[in-house]
Structure formats: structure tokens, C-alpha cells
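Here the sequence shown stands for residues -21 to -1, 1 to 254, numbered as in mature numbering (1 follows the signal peptide of the UniProt record, and there is no 0). What follows is one structure encoded as C-alpha cells, with my remarks underneath.
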Amino acid sequence: MKRVIAVSLLALALAACKKEASPQPGVAPADPASTLPPPVVVADAPIELKEVVETTPNYVVGITYDTQAAKYPGLAKELKTYADQARAELIESANGRTAKENPSPYELSLTFNDILDTPDLVAVSADGSSYTGGAHAAPLIARFVWLPKQNKQLKAAELVPQKQGWDAISRYVREQLHSALSQRIDADDLAPAVRAEQIETGGRMIDDGTSADPANFAMFEPVKAADGKLSGLKFVFAPYEVGPYSDGTQTVEVPASALLPHLAPQYRAMFSGGG
């Protein structure tokens, strides 16, 4: 008898639960999602850009942050990631070699400097070298262009989204680099045959390094005009990209007038003549 009463009470309880869960006529059921708390937007944590000085028998590291980028945590994170990766690669190479391979310590030198710092656009340069044996050090060159209001890095492919834009930029940059190559070779007063060979070899490196691919133009610096806008962009090419190591880092400034027809609409107003 007690078991029957218990079963009956359980049935009544279940029926009551179903009744409470059933929506009332004319009343829409509650949306479970509406009861969830709003999403929490987590800001980038502050990044401390501290000078790094390490001297060991195996390697020497010097990293300097001569920049105000720490006030932009997202940008600071990009800079520190670049520096940390370069340091880690050097230490890995240093620890993996033997004294017979190279008795001298490996060396890394890297400096970050501000190029531009405005409410709308920030640019930082990274320049240095990493020596892990061989005839000379490998260059460490990077450029970081940051949009503070969007909290993101401005990439070349986003700035100029269409291939015809890179075709035009490629032609302009090639013309400038070929002209500079001719001037350098003419200054050496070489024999005609040697001059012709160097022109051909150098020209081929220029053409290979400036094909109409945004990856070839990933490093650029905004150039500020007198009106506070940008008068153009300076594209930066590390050694070996458009010439031999002896030619060093090369740059070509492309004026705003040549860039404007090809810029994404949302970035044109940043340039002189762009509205």
C-alpha cells in the first residue's frame, strides 16, 4: 500500500512539473539565450617592453625598445613576439653547435624605433642582425604599422586589395630600383662587359623581388605630409630581396598620387588628396 501511495505522489509531482514548464496561452516561451550574461570583452593585457641584455660564453643578445608602443598592448605584443622569436632562434643555434664549428659567441642585436605615432596610425621599425656563423650576420628587418582605433595591424594586402594595384606599384618600384642600380654601377667606372653583367644580374634580382605580390611589399613605412596626412609610403627591402648583401637595405617611396587609385576606400582619407 505504501508503495502505491509513493508511486501516485511521484506521478502527481511529474504532472505538476510539466504543467509549470508548459507555456501559457498567448505567452511566448522564454529564450534561454536571453538569460545569458552579455559577452565579456577582454582587453589586451599590458605588455612590458624591457631592454634585454644577455652575455654568455655561447651567445650575446641586445634588444632595445626605443618606442612608445607599450601604450598599445596589441602592437607591443607583436613587437615582443618578433624579438622573442629572434632571440629563441639564436639561442637554439648557439646551443646546438660545437666549439670547433665556431669558437666565437653568436650575437643578436635588435632595436625598435618609432616612425610615426598619431591617434589614427602608428608605425614602428625593427632593425638589427643575427650572427650565427658565416661571412656576415643575417639582417633582422621588420616594419609594424598599427591602427589604434581598430586595434589591429595594417597589412599590405588589406591596404591595396586588388592585383591591378600591385601591378602599378610594382612597375613604379622597379623603375626606381633599376635607376638606382644603374647609378651605383656607373659610379664604379667598370669595364663595359662587367657593367653589363652586373646590370643583368642586379636587374633580375629586382624583378624577382618586386613581382606584383603583396608579400613582396609587406614592409612599408607611412610618410607624413605637411598637412598631417600621408604623402606616400616607403617600401623597405632587406638585403638579398632586390639586390646582393653589399647593397644593404633599399627603400622606394611611392607618392600618394600613385597609390590613391588603388587603395581600399576606407584608407584613402589618410592620404593627401584622398578626401
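Ideal Cβ positions, reconstructed from N, Cα and C, are used throughout, including at glycine.
For the putative contact between residue i and residue j, defined by C-beta atoms under 8 Å, what is the C-beta separation to the nearest angstrom?
i: GLY222; j: MET184; result: 6 Å
i: residue 262; j: PRO201; result: There is simply no residue 262 to check, as the chain begins at -21 and stops at 254 in what is shown.
i: GLU30; j: TYR44; result: 7 Å
i: VAL139; j: LEU242; result: 6 Å
i: GLY211; j: GLU232; result: 5 Å
i: ALA135; j: PHE196; result: 5 Å
i: PHE91; j: THR60; result: Going by Cβ atoms, the distance from PHE91 to THR60 rounds to 12 Å, so no, they are not a contact pair.
Short check: CB of residue i to CB of residue j, under 8 Å?
i: ALA117; j: SER108; result: yes
i: PRO36; j: PRO84; result: yes
i: ALA62; j: ILE42; result: yes
i: LEU119; j: LEU89; result: yes
i: GLY188; j: HIS157; result: no
i: residue 259; j: ALA237; result: It is not possible to answer for residue 259, since the shown part of the chain is limited to -21 through 254.
i: TRP145; j: ASP186; result: no
i: ALA24; j: PRO52; result: yes
i: ILE178; j: SER190; result: no
i: THR228; j: PHE214; result: no
i: VAL40; j: ARG66; result: yes
i: LEU69; j: LEU87; result: yes
Does the Cβ of residue i have 16 or more other Cβ atoms within 10 Å, making it buried, or fewer, making it exposed?
i: ALA(-11); result: Residue confidence for ALA(-11) is low, a pLDDT of 41 falling below 50, so the modelled location carries little weight and cannot support an answer.
i: GLN245; result: exposed
i: GLU27; result: exposed
i: LYS142; result: exposed
i: ARG153; result: buried
i: VAL32; result: exposed
i: ASN130; result: exposed
i: ALA172; result: exposed
i: ALA170; result: exposed
i: TYR38; result: buried
i: ALA248; result: exposed
i: GLN64; result: exposed
i: GLY112; result: exposed
i: ALA55; result: buried
i: ALA205; result: exposed
i: GLY254; result: exposed
Since residue i sits in a beta bridge, which residues does DSSP pair it with?
i: GLN141; result: Note: GLN141 sits in no beta bridge, so no partner.
i: residue 255; result: As shown, the chain starts at -21 and ends at 254. That puts residue 255 outside it, with no answer to give.
i: PHE199; result: PHE214
i: PRO244; result: DSSP lists no partner for PRO244.
i: GLN155; result: Note: GLN155 sits in no beta bridge, so no partner.
i: GLN132; result: TRP125
i: PRO234; result: GLY211
Spell out whether any CB of chain B is found under 8 Å from the CB atom of residue i.
i: LYS56; result: Annotation note: the requested chain B is absent from the structure, which comprises a single protein chain.
So within the segment 80 to 128, which uninterrupted beta strand (DSSP E) runs reach at least 3 residues, ignoring any that extend past its ends? 85 to 96, 101 to 110, 117 to 126
Which runs of the beta strand (DSSP E) spanning at least 3 residues fall entirely within the segment 25 to 56, listed in chain order? Assignment of beta strand (DSSP E) within the segment 25 to 56, counting only whole runs of 3 or more residues, yields 31 to 34, 38 to 45 in chain order.
Completely contained beta strand (DSSP E) runs for the segment 157 to 193, where each covers 3 or more residues: none
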